[in-house]
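Visitor: My questions all concern the structure below.
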Amino acid sequence: MKVIIVGCGRLGAHLARRLDHEGHDVTVIDRTSESFSRLGNDFQGKMVLGTGIDEDILRRAGIEGADAFIAVSNGDNTNAMAAEIAKLVFQVPRVVARLYDPVREDTYHTLGLMETVCPTIMGSNKIHDLVSGNGKAR
Amino acid sequence: MYIIIAGGGKVGYYLAKTLLHDEHEVLIIEKDKRKCDIISAELGGIVMRGDATDSIVMEEAGMSRADLAIAVTGDDEDNLMICQMAKKKFGIKRTISRINNPKNEHIFRLLGIDHTVSVTDLILAQIEREIPAHSLVHLLTLREAGVSFVEAQVPEQSPVIGKPLRALGVPGDCVIPLVIRNGKGIVPHGETVLLGGDEVVAVTTIEDESFLERLLGAK
Amino acid sequence: MAFSRILVPVGGIPADEQAIRLACQVARQDKAKITAIHVIEVQRNLPLNAEDAAQMERGESVLARAEQIAKAARGSLETELLQARVAGSALVDEAGERGIDLIIMGIPDRKPLGDFYLGATTLYVLKNAACRVWLCREGRREDQPAARKEK
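Set out below in C-alpha cells:
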C-alpha cells in the first residue's frame, strides 16, 4: 500500500515507522526538516519538506496513485484542508484527518469526505471509563 | 446585514470600516491583542479577540445569525476552515474567502466556497493590464461559462490591417463587439477595416483565445 | 478649569456611590450637569436590540439608586440606559456625542487572584476618552487581605 502522511510529529512519525516496518511504501511530509529525525535511521520511506496543503508538494510526494492519505500535522485547519485536497483533487481512496476540536471533527465527519479522528474525545472517553470503572482493567 | 469578518489585518480593517459606513452590523474576529486594541480604539466595540476557526468563538460571535462571513486571514487553511464551518455548522448561506496562494483557488471552488478573492491574482491582472506580457489582456473570465473578455492592440505591422473583419477568419465562437480607435469606441461590423494601433475587445471561448492571439497579435 | 458636563458610568457596584457624590460636589461648584449611564452589554449571538427583561430591570434599579445617592448629596442627575456590545466604547462614544468634559468612574478594589487589575471598561475609557477621567477606587474592606504580597 502506498501511504502519504502529512505531519511528522509524535503520531505521524510513529505511524510512519509502523507502516514502513510492515512493508508499506510510506512518504512523510513536514514543514521542518528536524522533525524527520523522529523517523530514526532505519526508515526506508521518503521524506518531503513542505506544507501538506500545496498541490505541488503533494505531487512531489507521489499523491497521484497513493492508496491512503493521513493528515496528522499539529493544525486542525491544515489537516482538514490537506485531506480535502487529497480526496477531491487527487481522489485518494482512503483519507484520514486528525482534528483536535470535537465540533470541527463532528462537522467534517458529517460531510463524509474523509475519516476523522478526534484525540480529545477519544482521550476523554478512555479516561472517563478508567475513572468511572467501566474501563477494562489491565 | 450582520457581517462577520475573520482576520483583523489591513484587509479586514478597511473592509470593516467600509461596511460600517454602509450601515451594516460588523464584527471582526482577531487573535492578536494589539490589533484588537487598535481596531477598537479606531472603530469602537466591533472587535472580538479569539481564534475565528474555533467553533466556540464562532458561536459567541453569533455566527448562526450572520448573513455573511468573510475570511481574510493570511492563512488559506484557516480561511477554508472558517468558510466551511460557517456553511456546514452554522448554516450561513454566503461566504467569501481571501486566497493567499493563487493555486488554491480551484480547490476552494471544488469545496463549494462561493466567492474567493485572490489578492495575488488581482495584482497580476493589474500588472497584465498595465504591462501586457502577451498581446491579449484578460478583462474578465467567466470560468463556468468558459468565456473570456480579452483586449488586444493591433500592432503596426499586423497582417490584419487593411482587411475587413469578415475576411479575417475569426472563429465562430468569438465575437468582436468593440474596437477602440484613437480613444473612441466603434461598434464594428463585417466590413469594418482594422488599423494599426486599434484596440480590439473580443468575447471568446477559452479554447479560441490562442487563435485570436495569433491572428491579431503577431508580435 | 470649570466642568460643564459630567458623565458617571454606573455598574451597580458599591464604588458607584463615591463617584456620584464626587460628581455632585464638582457639579455644585462648577454648575455642571451630570449624566449617569448604565450600559447593558448584549452578547454577539443576539441582535443589539434584543430585550432581556431581567437585565433591563436591573439597569433601571441601578439608575434609580444613582438618583437617590445624588439626591442625598443635594445634587441631581439625568439617567440613561444603553444597550451596546462593549461598554467601554459605548461610553467613549456617548461622551463624545454629549460633549462631556469629565468622566468620573467608581472602580472596585478588585483582586480575584490576589492581584489588582483594571477592568476592560475602565481601561478602554482611560485609553480612548478625549476628556478628563477621574477614577474613585473603593476603600479596602477589612475582611480582605492586602493586595501586595509581602515577603
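Residue numbers (this note's numbering), protein chains in the order written: chain A, 122 to 259; chain B, -4 to 214; chain C, 5 to 155.
By construction, the Cβ of each residue, glycine as well, lies at the ideal position given by its N, Cα and C atoms.
Computed from a predicted structure; not experimentally measured.
1) Let me check understanding here. Comparing Cα to Cα, which of Pro51/C, Arg9/C, Asp20/C, Val43/C lies closest to Gln161/C?
2) Closest to Glu194/B by CA distance: which of Pro159/B, Ile65/B, Asp49/B, Arg176/B is it?
3) Please give me, in chain order, every unbroken run of the beta strand (DSSP E) with length at least 3 that falls completely inside the stretch 183 to 229 of chain A.
4) So, is the C-beta of Leu95/C closer than 8 Å to a C-beta in chain B?
5) Rank Ala120/B, Leu63/B, Gln148/B by C-alpha distance to the C-alpha of His110/B and give the top, closest one.
6) Terminal residues of the continuous alpha helix (DSSP H) containing Thr126/C?
7) How about the stretch 66 to 77 of chain C and the stretch 107 to 118 of chain C: do they share at least three Cβ pairs that are nearer than 8 Å?
8) Any Cβ of chain B within less than 8 Å of the Cβ of Gly63/C?
9) Across which residues does DSSP place Ala88/C in a beta bridge pair?
10) Compare the beta carbon distance of Ala187/A and Val213/A with 8 Å and say whether it is the shorter of the two.
11) Helix, strand or coil: which one does DSSP assign to Gln29/C?
12) How many angstroms separate the CA atom of Cys129/A from the CA atom of Phe85/B?
13) Does the beta-carbon of Leu117/B have 16 or more other beta-carbons within 10 angstroms, so that it is buried, or is it exposed?
14) According to DSSP, is Asp163/A helix, strand or coil?
15) Contact defined as beta carbons within less than 8 Å: I believe His145/A pairs with Val169/A. What is the distance between those atoms, to the nearest angstrom?
16) Chain B beta carbons: is any one of them nearer than 8 Å to that of Leu179/A?
17) Find the residues of chain C that neighbour Arg60/B, judging by a C-beta separation of less than 9 Å, and give them in chain order.
18) Helix, strand or coil: which one does DSSP assign to Cys78/B?
19) Starting from the Cα of Ala40/C, find the closest Cα among Ala23/C, Lys131/C, Ala54/C, Glu142/C and give me that residue.
20) Going by the DSSP bridge assignment, what does Thr90/B pair with across the sheet?
21) Classify Asn198/A as buried or exposed, calling it buried when 16 or more other Cβ atoms lie within 10 Å of its own Cβ.
22) For Tyr156/C, does the three-state DSSP call read helix, strand or coil?
23) With contact counted as at least three CB pairs below 8 Å, one residue from each stretch, are the stretch 35 to 54 of chain C and the stretch 11 to 21 of chain C in contact?
24) Please tell me whether Pro240/A has its Cβ less than 8 Å away from any Cβ of chain B.
25) Under the three-state reduction of DSSP, which class applies to Ser65/C: helix, strand or coil?
26) So if DSSP puts Glu194/B in a beta bridge, which residue, or which two residues, is it bridged to?
27) Output the boundary residues of the alpha helix (DSSP H) element that contains His249/A.
28) Can you pull the chain B residues whose beta carbon is under 8 Å from the beta carbon of Gly196/A, in chain order?
29) Between which residues of its own chain and Ala120/B is the CB-CB distance below 6 Å, once the five residues before and five after are set aside?
30) Buried or exposed: which applies to Thr241/A, given that a residue is buried once 16 or more other Cβ atoms fall within 10 Å of its Cβ?
31) Can you tell which of Arg159/A, Met122/A, Glu143/A, Val127/A has its C-alpha closest to the C-alpha of Leu135/A?
32) What three-state label does DSSP hand Arg9/C in the structure shown?
33) Any idea what DSSP makes of Gly4/B, helix, strand or coil?
34) Should Arg218/C be flagged as near chain B, meaning a C-beta pair shorter than 8 Å?
35) Taking CB distances under 8 Å as the criterion, tell me whether Glu205/A reaches chain B.
36) For chain A, check one thing: does any of its Cβ atoms lie closer than 8 Å to the Cβ of Met43/B?
Guide: According to the data block:
1) The first residue shown for chain C is 5 and the last is 155, placing residue 161/C beyond what the model contains.
2) Arg176/B
3) 189 to 192, 215 to 219
4) Among the CB atoms of chain B, none fall inside 8 Å of the CB of Leu95/C.
5) When Ala120/B, Leu63/B, Gln148/B are compared, the shortest CA-CA separation from His110/B is found for Leu63/B.
6) 124 to 132
7) no
8) no
9) Paired residues: Glu45/C.
10) yes
11) helix
12) Taking the straight line joining both Cα atoms gives about 33 Å.
13) Exposed: under 16 other Cβ atoms inside 10 Å.
14) coil
15) So it is not a contact: roughly 16 Å between Cβ atoms.
16) no
17) Arg48, Asn49, Leu50, Pro51
18) Shown here, Cys78/B sits in a helix according to DSSP, grouped into three states.
19) Ala23/C
20) Ala64/B
21) Its Cβ being crowded by 16 or more others within 10 Å, Asn198/A is buried.
22) The first residue shown for chain C is 5 and the last is 155, placing residue 156/C beyond what the model contains.
23) yes
24) The C-beta of Pro240/A comes no closer than 8 Å to any C-beta of chain B.
25) helix
26) Gln148/B, Ile175/B
27) 240 to 253
28) Glu72
29) none
30) exposed
31) According to the sequence displayed, residue 135/A carries His and not Leu. Cα-wise, what sits closest to His135/A is Arg159/A.
32) strand
33) coil
34) Residue 218/C lies beyond the residue range present for chain C, which begins at 5 and ends at 155; the question has no answer from this structure.
35) yes
36) no
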